[in-house]
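In our numbering, the protein residues as written are 173 to 624.
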């Protein structure tokens with residue numbers, strides 16, 4: 173039987189950049205990122221590099237004529253909604269690309285690739301000078317600290333100097349500049365967006381990793397993809413800075429070097445939502461069938477499951493309304509949904525800061541009998557005492573779980589199988605059992621139940 177076609181019409185974006193044989197940066201990173209953001213990526217290759225996670229071993233720049241032919245082929249056929257430029261390698265290429273983007277009326281994101289994360293120089297001095305012409309046509313320029321110093325002479329060391337550097341780029345003709353803070357020392361990464369209508373700072377915690385290969389390419393192409401979909405510049409930058417934090421934290425451990433950012437991290441995380449919810453449902457059902465009444469605390473029990481790259485409560489599934497005791501055993505009040513738990517979910521997310529492989533948790537009642545039963549588990553049991561919680565932590569909503577998880581994890585040598593919260597006046601003592609998968613969670617919970 174002949175089937176009826178059902179074509180999909182995604183927005184189209186164009187990346188003009190170099191090829192990375194290692195797959196983590198350049199054209200390869202751009203196309204992966206654009207696809208992950210729901211945009212059809214087209215490409216113009218400016219140069220071919222021989223590189224991997226350890227460094228650049230060689231480069232070859234394509235003739236300007238070949239680059240211009242690629243541009244003509246793409247722009248004459250596709251309805252390109254946004255353009256992103258990356259590694260342009262030499263001054264003639266930079267000037268050629270500047271002439272081409274001047275002819276089209278779409279957002280242009282300029283990633284002024286000059287130095288690789290590994291420290292290798294990717295642009296000659298004439299090319300650096302030629303960037304002034306290209307920047308005149310930029311909707312957004314996204315330099316890191318090293319690149320912005322080359323372009324403006326200003327070294328961004330804090331918010332004020334980053335803003336000054338951004339203003340210099342606006343003076344050069346750019347509509348806006350995002351001065352990336354990854355190379356600026358500090359516990360937090362502070363990306364400074366400078367535009368004609370004001371300055372906005374996007375902050376996130378620094379990830380302790382060297383696996384940032386492709387981060388600049390990925391950020392710029394993600395912004396271009398969102399602009400191609402019709403998002404505003406500020407919406408695009410805000411969304412992408414959050415995306416990049418996750419992409420760097422859950423990086424890809426490939427190659428012998430530090431590795432690459434995870435271009436598809438949000439796509440993969442969303443794909444696991446249904447299976448995570450189903451896993452939580454299976455655990456809840458097993459608790460009902462086994463009747464875990466003796467482990468249900470007064471506040472009720474909840475089973476929480478996090479998606480593999482979960483970063484917020486809305487990415488954890490739990491039994492809505494918790495699991496409570498009844499005359500005929502335990503029953504969940506309602507079904508499983510994402511964001512249904514607050515307390516246990518926040519604790520699980522805090523525990524994942526120390527062991528990201530943890531994905532499931534359940535809260536159980538705690539007393540002397542349960543404490544004795546916990547000693548039968550294989551693995552360490554940690555604890556924290558809320559009476560030692562600093563006042564400034566108590567004053568911050570949601571901070572108790574982070575503080576408690578840190579205290580517990582720092583008190584043991586390995587990931588604990590359970591963590592005791594001894595409570596305080598007016599607060600019930602609770603134990604949270606942790607696990608990397610549902611089988612492990614069930615096995616540990618049933619072992620404690622059987623030992624009571």
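Positions of the beta carbon are idealized from the N, C-alpha and C atoms, including for glycine. Please read these numbers as outputs of a predicted model, since none were measured by experiment.
Could you spell out the range, first to last residue, of the beta strand (DSSP E) harbouring residue 351? In this chain, the beta strand (DSSP E) harbouring residue 351 covers 348–351.
Taking only beta-carbon atoms, is residue 334 less than 8 Å away from chain D? The structure shown contains no chain D; it holds only a single protein chain.
Residue 498 - partner residues in DSSP beta bridges: Residue pairing from DSSP places residue 498 in a beta bridge opposite 501.
Going by other Cβ atoms of all chains shown within 10 Å of its Cβ, with 16 needed for buried, is residue 221 buried or exposed? Classification of residue 221: buried, given that the 10 Å Cβ count is 16 or more.
What span of residues does the alpha helix (DSSP H) with residue 223 cover, start to end? Premise fails: residue 223 lies in the beta strand (DSSP E), 212–224, not in any alpha helix (DSSP H).
Where residue 225 and residue 577 are concerned, what is the direct C-alpha to C-alpha distance, given to the nearest angstrom? Cα to Cα, residue 225 sits roughly 34 Å from residue 577.
If you draw a straight line from the C-alpha of residue 446 to the C-alpha of residue 508, how long is it? Their backbone Cα atoms lie some 11 Å apart in a straight line.
Rounded to whole angstroms, what is the Cα-Cα separation between residue 534 and residue 516? Computed Cα separation, rounded: 7 Å.
Can you give me the start and stop residues for the beta strand (DSSP E) that residue 374 sits inside? Under the DSSP assignment, residue 374 falls in the beta strand (DSSP E) whose first and last residues are 370–377.
Return the CA-CA distance between residue 410 and residue 499, expressed in angstroms with no decimal places. About 50 Å.
Cβ neighbours of residue 418 in the same chain (closer than 7 Å, five flanking residues each side left out): 437, 438, 481, 483.
Would you decide whether residue 505 is buried or exposed? Buried here means 16 or more other CB atoms lie within 10 Å of its CB. Classification for residue 505: exposed.
On the three-state DSSP scale, how would you describe residue 523? Three-state DSSP puts residue 523 in a helix.
Helix, strand or coil for residue 365 per DSSP? In the displayed model, residue 365 falls within a strand according to three-state DSSP.
At which residues does the alpha helix (DSSP H) containing residue 538 begin and terminate? Counting along the chain, no alpha helix (DSSP H) covers residue 538, and no H or E run does either.
Looking only at C-alpha atoms, which of 607, 387, 493 sits nearest to residue 201? Closest by alpha carbon: 387.
Taking all protein chains shown into account, do 16 or more other C-beta atoms lie within 10 angstroms of the C-beta of residue 599, making it buried, or fewer, making it exposed? With fewer than 16 Cβ atoms within 10 Å of its Cβ, residue 599 is classed as exposed.
Locate the alpha helix (DSSP H) running through residue 418, then write down its first and last residues. Here the alpha helix (DSSP H) through residue 418 covers 405–421.
Indicate whether residue 628 and residue 495 have their beta-carbon atoms separated by less than 8 Å. Only positions 173 to 624 of the chain appear in this structure, which leaves residue 628 out of reach.
Find the nearest neighbour of residue 560 within the set 550, 548, 580, judged by alpha-carbon distance. Minimum Cα distance to residue 560 is reached at 580.
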